[in-house]
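Each number in the numbering used here comes from the position in the sequence shown (counting from 1) with 172 added on.
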Amino acid sequence: MREETAIAAMLDRGAAVSDREAETALDRLEAAGDLDPADREAVEALADRLVAGLLAGPVAGIENGDPEAVAAAMELFGEEGSAPMLADAETVTASD
Numbered sequence: 173m174r175e176e177t178a179i180a181a182m183l184d185r186g187a188a189v190s191d192r193e194a195e196t197a198l199d200r201l202e203a204a205g206d207l208d209p210a211d212r213e214a215v216e217a218l219a220d221r222l223v224a225g226l227l228a229g230p231v232a233g234i235e236n237g238d239p240e241a242v243a244a245a246m247e248l249f250g251e252e253g254s255a256p257m258l259a260d261a262e263t264v265t266a267s268d
C-alpha cells in the first residue's frame, strides 16, 4: 500500500509540474505569435514525455519493492498531493 501511495504521489507531482511548465512555454509562444494547434500538442506531449522519462526509473524501483526507493519517494513527495519537500519549489525559467 505504501508503494502505491508513493507512486501516486510521484505521478501527481510529475503531472502538476508537466502541466505548469508546458503552460508557461505555451504562454510565451502564444505571446510571441508563434503558436498553432500542432505546436501546442507538441509542447504538451514533450512535457509529458520528459516527466514520464524522469519518473520511470524511480517508479520501477518502487514497483520492484526497493525499500530505499519507497522511503525516498515518500520523503520527497509525501502523501498524494502534499509534496512536503517540493511544495515550495519554484519554476526555473530559461532566463534564470
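Cβ coordinates follow ideal geometry from the N, Cα and C atoms, glycine included.
- Take the alpha-carbon of residue 239 and the one of residue 227: they are about 17 Å apart.
- Nearest in C-alpha terms to residue 230, of all of 197, 204, 246, 194, is 246.
- Its Cα nearest to that of residue 221, the residue 194 stands out among 194, 207, 175.
- DSSP, reduced to helix, strand and coil, places residue 237 outside both helices and strands of the structure shown, so it counts as coil.
- Taking C-beta separations shorter than 7 Å and ignoring five residues to either side along the sequence, residue 243 has no partners in its chain.
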